[in-house]
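In this note's numbering, the protein residues as written are 2 to 402. Built from N, CA and C at the ideal position, the CB exists for glycine as well. Computed from a predicted structure; not experimentally measured. Only one structure is covered here, and it is reproduced in the block below.
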RNA sequence: GCCGGGGUAGUGUAGCCUGGUAGCAUCAGGGACUGUGGAUCCCUUAGGUCGGGUUCAAAUCCCGGCCCCGGCCCCA
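Okay, structure coming up:
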């Protein structure tokens, strides 16, 4: 027996239905803001991620040498690949450029609930716009994503690392340890820092700098407020986000425990790192698996759809039944056929257990008369109808493709 | 990587403390029922995570691996 590798998952039909449902909701939300999907390779040169995240990332990546001696890594996130794509091929695209992605990422970490070695991210990058409305809109995509998915209990926190760093500089505390302590809300933080990160009203920023950034930050918050986006101001967002340059935000689902962060992003500079002309950029990534976990706690479900019809033939009529099933499918129906040669009783039982709307009986009588017996499996009613009428029961459009 | 909890048929569980026949439910397959279903009854398949130790005897006690779970770290 083989087991799946540690930290990976298999998804059965029911779970895939849920994943597709959430995926579609998020896609629709992103697209409602004019974003278009892109896709990049699952592996990249290892250096790409080191450039973006620092050498520490090497410990959590799946890195290997290919037969040509190239150092490659399974991507641990998708922002760097998308920005690499931008730098390589899309610098001349009209701005603002709105790109979104959905796909798996890989990290070698100890798995637990909400943390897997293969996990999915859906996110976006907004390239070439840094006005308050650009950033506010970007954040509002993330907010709407959670709302549209039906997540009840989540919290959007918005901070600004430029303002935070400026403050820490002014008191001589702009260092990694302090940032880490702030992020963890370490109670041993000096009072002046606690006071700073406890501010929850933009008005209080009056005497803090830098002035243009404070104004930008306040404009972003104002725009969100006026549009009805609920958030809390939190200047204590300070995760190892070296490449973030201004407004940053996180969304968390408190009921998830240790792995409660389901979305994170902000304004950043990366293009230059990858050899492109400098451009203002912002974006975020949603932890798809975590979001789904949080949603399921709120009762998120997707039903597996049964077929429209279940065609049951007899030994003598198999070829007619087989052909009929195909005609119905071409007319737009989802049709299953009895494949195991069960008797009528078992076949009907099967049809209703998989949730088929109708059973279509194709026996010798039917073949002779050209009228098929169709039975409504929920009401139990049945009657005979010719092929044409039967086909008219199928949804005529094939928009599903 | 660190600290802690756990792993019994496909799934959910009982037994473990106080070693000695592994039980129940459900699902799946088949039958009662050879053209009419969700019911009932019967039958079948199928199990103590893996390796080592203690013992006459290990699901049960001890050690290690693997996997899952809670937390730390880091992050989505």
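C-beta contact flag for residue i and residue j at 8 Å
i: residue 115; j: residue 290; result: yes
i: residue 161; j: residue 247; result: yes
i: residue 53; j: residue 271; result: yes
i: residue 376; j: residue 362; result: yes
i: residue 338; j: residue 322; result: yes
i: residue 441; j: residue 88; result: Residue numbering for the chain in the displayed model covers 2 to 402; residue 441 lies beyond these limits and cannot be assessed.
i: residue 24; j: residue 83; result: no
i: residue 19; j: residue 303; result: yes
i: residue 100; j: residue 36; result: yes
i: residue 132; j: residue 283; result: no
i: residue 305; j: residue 15; result: yes
i: residue 202; j: residue 26; result: no
i: residue 349; j: residue 360; result: yes
i: residue 61; j: residue 110; result: yes
i: residue 318; j: residue 390; result: no
i: residue 299; j: residue 129; result: no
i: residue 40; j: residue 102; result: yes
i: residue 381; j: residue 307; result: no
Residues that DSSP places opposite residue i in a beta bridge
i: residue 233; result: 158
i: residue 362; result: 313 and 374
i: residue 119; result: 107
i: residue 41; result: According to DSSP, which records beta bridges pairwise, residue 41 is partnered with nothing at all.
i: residue 46; result: 73
i: residue 336; result: 310
i: residue 384; result: 375
i: residue 65; result: 73
Cβ-Cβ separation, residue j to residue i (assumed contact under 8 Å), whole Å
i: residue 174; j: residue 198; result: That pair is no contact at about 12 Å.
i: residue 263; j: residue 239; result: Rounded, the Cβ-Cβ distance is 18 Å, inconsistent with contact.
i: residue 73; j: residue 50; result: Not a contact, Cβ separation roughly 10 Å.
i: residue 119; j: residue 292; result: Contact doesn't hold; Cβ gap of about 16 Å is too wide.
i: residue 112; j: residue 7; result: 6 Å
i: residue 378; j: residue 329; result: Not confirmed; about 16 Å, so no contact.
i: residue 385; j: residue 373; result: 7 Å
i: residue 164; j: residue 209; result: 6 Å
i: residue 106; j: residue 92; result: Not a contact, Cβ separation roughly 25 Å.
i: residue 167; j: residue 211; result: 6 Å
i: residue 336; j: residue 324; result: No, residue 336 and residue 324 are not in contact; Cβ-Cβ is about 12 Å, not under 8 Å.
task: Pair every Cβ in the segment 244-254 with every Cβ in the segment 141-157, then say whether three or more of these pairs are closer than 8 Å.
output: Result yes; three or more Cβ-Cβ pairs closer than 8 Å.
field: Inter-stretch contact at 8 Å, needing at least 3 Cβ pairs: the segment 228-242 / the segment 279-293
entry: Contact between the segment 228-242 and the segment 279-293 is absent, because fewer than three Cβ pairs lie under 8 Å.
Within the segment 75-109, ranges of the alpha helix (DSSP H) (whole runs, at least 4 residues): Counting whole runs of 4 or more residues, the segment 75-109 contains the alpha helix (DSSP H) stretches 80-86.
task: Mind listing, in chain order, the continuous beta strand (DSSP E) runs of no fewer than 3 residues lying wholly within the segment 245-314?
output: Those beta strand (DSSP E) runs which fall completely within the segment 245-314 and span 3+ residues are 245-253, 262-269, 282-288 and 310-314.
- prompt: Are three or more beta carbon pairs between the segment 138-145 and the segment 66-85 nearer than 8 Å?
  reply: Contact fails: fewer than three Cβ-Cβ distances are below 8 Å.
message: Give the list of continuous alpha helix (DSSP H) stretches no shorter than 4 residues that lie fully inside the segment 123-186.
response: Counting only runs that start and end inside the segment 123-186, the alpha helix (DSSP H) elements of at least 4 residues fall at 133-150, 162-171 and 177-184.
query: When the Cβ atoms of the segment 311-328 are set against those of the segment 263-270, are three or more pairs found closer than 8 Å?
result: Judged by Cβ distances under 8 Å, the segment 311-328 makes no contact with the segment 263-270, as fewer than three pairs qualify.
- prompt: Using 8 Å as the threshold, is the segment 182-192 in touch with the segment 213-233, meaning 3 or more CB pairs across them?
  reply: Cβ pair count under 8 Å is below three, so no.
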